[in-house]
Structures are given as C-alpha cells and as structure tokens.
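A.B. asks: Taking the UniProt record's numbering, I'd label the letters of the sequence shown as residues 1 to 168. Handing you a structure now.
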Amino acid sequence: MRRHIMPLMAMAALCACGAETSDTVTSEDGQEGEYSIDSDSGEATATIDTPEGTATFRSGADVPVDLPSGFALYPGATVTSNSRFDQETGTKVVLLSFESDDSPEAIADFYRESANKAGFEILVDATMNGGVLITGKGKSGGVFTLSTSTQDGKTSAQLTTGLGEVAP
Numbered sequence: 001m002r003r004h005i006m007p008l009m010a011m012a013a014l015c016a017c018g019a020e021t022s023d024t025v026t027s028e029d030g031q032e033g034e035y036s037i038d039s040d041s042g043e044a045t046a047t048i049d050t051p052e053g054t055a056t057f058r059s060g061a062d063v064p065v066d067l068p069s070g071f072a073l074y075p076g077a078t079v080t081s082n083s084r085f086d087q088e089t090g091t092k093v094v095l096l097s098f099e100s101d102d103s104p105e106a107i108a109d110f111y112r113e114s115a116n117k118a119g120f121e122i123l124v125d126a127t128m129n130g131g132v133l134i135t136g137k138g139k140s141g142g143v144f145t146l147s148t149s150t151q152d153g154k155t156s157a158q159l160t161t162g163l164g165e166v167a168p
C-alpha cells in the first residue's frame, strides 16, 4: 500500500495548488484514482481503488480529528492542518498540526500520559531548542510521534499516529 500513499498525496497536492477542483487520474500500473478540493473549506480529498481495497486521503484544517483510541486533540488547541490516510483494511495514518498558548512541555505531558494509558511505550523523549520530540510504539504495532516548537508565544505541535500495516 505504500506505493499508493504517494499517488494519493500527489493528487491531494494537485488539488491544494489549484490545478483542478476535481479529476480522475490513472497510475502507471493502470489503477484509477480521483481527487477533489472543496473551494469553500479548502479540504483536499483523494481516493484510489487497489487490490487491497479503497484508500482515502483527506487534508485540510476542517477535516474531522479522528485519532486512535486513547489519543485526542490537545485541550484548547486550534487545528491548523489535519491529514488522514485511511484504508479499508484498518490502516490509518494521521498527521495533525495544531497551535496552543500552552508550553511545549505541557503539551508533551498530555501526550506522554495519553500514550501510556493507550499502552504505548515511549521510545524517544527529547527536549531540544525549546521544543519536545516524543516517539512511541504500541503493543499492536501502532506508532506515534509528537514534535513541538515555539514562536511568538505560541506553541506549534505536530502529532503523527499510525495504526495497521501499510503494505508494500
């Protein structure tokens, strides 16, 4: 399925840069996919049918936040971007970007606790240049990464979560 993520992302990127508002494309191996962009919300959506099932990529600030069990959007945070890759087989990858007035350490504490309660082992926990980087792995193979930075009194954070296996 990895070979399908890039075409989905490329289709969504075409949407985002204003090439077309929707279109159908065919990959080198003959598989068809569709992409569209909502001119009101700016949300980009791409789908592709594969032998493994339908895969969907959605990206935009208004895409509903749908994180794995045990994880949630940081309280009071403002979503700046949310990208989701979902596959019928249960694979789900989320890249959530948000801002908060709270410190990087407060946000990191929230996600450390969330990860521990969800059964994730913290593999990396580092503070550098005023930001925090945490990565972890779940017992069922799920992964997460949180990175934070500060600028102009705001903390920007990126939370990436992955569940399931992205097949080659």
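The beta-carbon is built from N, C-alpha and C at its ideal position, and this holds for glycine as well.
Who are the near neighbours of leucine 146 in its chain, counting only those whose CB is closer than 6 Å to its CB and skipping five residues on each side?
C.D. replies: So the list reads Tyr111, Ile134, Leu159, once near-sequence residues are dropped.
A.B. asks: Where does the unbroken beta strand (DSSP E) through tyrosine 74 begin, and where does it stop?
C.D. replies: From DSSP, tyrosine 74 is part of no beta strand (DSSP E); its letter is neither H nor E.
A.B. asks: So which of Glu99, Asp102, Gly142 has the shortest CA-CA distance to glycine 70?
C.D. replies: Of the listed residues, the one whose Cα sits closest to glycine 70 is Gly142.
A.B. asks: From which residue to which residue does the alpha helix (DSSP H) around lysine 117 run?
C.D. replies: Where lysine 117 is concerned, the enclosing alpha helix (DSSP H) stretches over 104-117.
A.B. asks: Under 7 Å Cβ to Cβ from lysine 137, same chain only, skipping five residues before and after it: list those, please.
C.D. replies: Correct list, in chain order: Phe120, Glu121, Leu123, Val143.
A.B. asks: Which whole-angstrom value is the C-beta distance of threonine 148 and isoleucine 107, which I expect to be below 8 Å?
C.D. replies: Indeed they touch by this definition, with Cβ atoms about 6 Å apart.
A.B. asks: Identify whether threonine 160 lies in helix, strand or coil by the three-state DSSP scheme.
C.D. replies: The answer is strand: DSSP assigns threonine 160 an E or B state.
A.B. asks: With a cut-off of 8 Å, does the C-beta of isoleucine 37 fall near any C-beta of chain C?
C.D. replies: Considering every chain present, this structure includes no chain C. It has just one protein chain.
A.B. asks: Since I believe valine 132 is in contact with glutamate 113 (beta carbons under 8 Å), could you give me their beta-carbon distance rounded to a whole number of angstroms?
C.D. replies: No, glutamate 113 and valine 132 are not in contact; Cβ-Cβ is about 14 Å, not under 8 Å.
A.B. asks: Grab the span of the beta strand (DSSP E) containing lysine 137 for me, first residue to last.
C.D. replies: First-last of the beta strand (DSSP E) with lysine 137: 131-138.
A.B. asks: From this set, Ala55, Leu96, Gly76, which residue's C-alpha is nearest threonine 89's C-alpha?
C.D. replies: Taking only the C-alpha atoms, the option nearest threonine 89 is Ala55.
A.B. asks: If I'm right that leucine 67 touches valine 93 with Cβ under 8 Å, what's the distance once you round it to whole angstroms?
C.D. replies: Not a contact, Cβ separation roughly 11 Å.
A.B. asks: Please say whether threonine 127 and glutamate 99 have beta carbons closer to each other than 8 Å?
C.D. replies: Contact: no.
A.B. asks: Given serine 39, which residues of its chain have a CB within under 8 Å of its CB, disregarding the five upstream and five downstream residues?
C.D. replies: The answer, listed in chain order, is Thr21.
A.B. asks: Give me the Cα-Cα distance between glutamine 151 and aspartate 29, rounded to the nearest whole angstrom.
C.D. replies: Computed Cα separation, rounded: 45 Å.
A.B. asks: Threonine 26: buried (16+ other C-beta within 10 angstroms of its C-beta) or exposed?
C.D. replies: By the neighbour-count rule (16 or more Cβ atoms within 10 Å), threonine 26 is not buried but exposed.
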